[in-house]
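Undergrad: Per this note's numbering, the sequence shown starts with residue 50, numbered consecutively. Here it is, the structure in full.
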Amino acid sequence: MQKRTCNGCRAIIRKHDYFICNLGKGVAPIFTDDVLVGARPTGMCLKPTTYKEYMQMLTGRYKPKRKRKPKKEVTEPILDELRKIKVPAPKRIRMISERRARRLSQAKLGQLIGCSASFIGHLETGRSNPSADIATKLVQVLEVSFYDLFPDL
Numbered sequence: 050m051q052k053r054t055c056n057g058c059r060a061i062i063r064k065h066d067y068f069i070c071n072l073g074k075g076v077a078p079i080f081t082d083d084v085l086v087g088a089r090p091t092g093m094c095l096k097p098t099t100y101k102e103y104m105q106m107l108t109g110r111y112k113p114k115r116k117r118k119p120k121k122e123v124t125e126p127i128l129d130e131l132r133k134i135k136v137p138a139p140k141r142i143r144m145i146s147e148r149r150a151r152r153l154s155q156a157k158l159g160q161l162i163g164c165s166a167s168f169i170g171h172l173e174t175g176r177s178n179p180s181a182d183i184a185t186k187l188v189q190v191l192e193v194s195f196y197d198l199f200p201d202l
């Protein structure tokens, strides 16, 4: 027995007496002397052009994906306003000048105190505040009072 297709979808054999199309229609059996010899397409089955259409025809339902809404560009004006309002932290100039007067780099000062060079840079620019332990070590190494090193605290 040969398999025929109905407008592009595959016909399959069910039991021993008839052919059926994957979509449930469109293939008619061909009998010769009351013996099933094949199938012929009836044209009742529409040829699916895409897999989505095939699934829709096969199951009777197909839910397309939801279209995502584009993100609103509200954040840009808000960020611009926040940049205008944001007041930068004052540089701790006394700490920088005392470190340079002793000819210490940020890395060397960090080694003496026990922290990283990037943390010293953050302290000097005012991005971060020192803990009590680091503040006392800075006062001891630079020999300056706490209030002179950190006037904003």
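Using N, Cα and C, we set each Cβ at its ideal position, and we do this for glycine too.
Which residue marks the beginning of the alpha helix (DSSP H) containing residue 143, and which one marks its end?
TA: 142 to 150
Undergrad: If you measure between the beta carbons of residue 181 and residue 198, is that distance less than 9 Å?
TA: Not in contact: residue 181 and residue 198 (Cβ atoms no closer than 9 Å).
Undergrad: With distances taken between CB atoms, is the gap from residue 142 to residue 155 smaller than 9 Å?
TA: no
Undergrad: From which residue to which residue does the alpha helix (DSSP H) around residue 167 run?
TA: 166 to 174
Undergrad: Under 8 Å by Cβ, that's how I've got residue 190 and residue 162 pegged, so tell me the actual separation to the nearest angstrom.
TA: 6 Å
Undergrad: If you draw a straight line from the C-alpha of residue 153 to the C-alpha of residue 188, how long is it?
TA: Spanning the two alpha carbons is a distance of roughly 15 Å.
Undergrad: List the endpoints of the continuous alpha helix (DSSP H) containing residue 188.
TA: 181 to 191
Undergrad: Exposed or buried, residue 149, counting other C-beta atoms within 10 Å across all chains shown (16 or more means buried)?
TA: exposed
Undergrad: Would you kindly work out how many angstroms separate the C-alpha atoms of residue 140 and residue 146, rounded to a whole number?
TA: Distance between the alpha carbons of residue 140 and residue 146 is about 11 Å.
Undergrad: Please report the Cβ distance between residue 166 and residue 159, rounded to the nearest whole angstrom; I am assuming they are in contact, meaning their Cβ atoms lie under 8 Å.
TA: 5 Å
Undergrad: Which residue marks the beginning of the alpha helix (DSSP H) containing residue 197, and which one marks its end?
TA: 195 to 198
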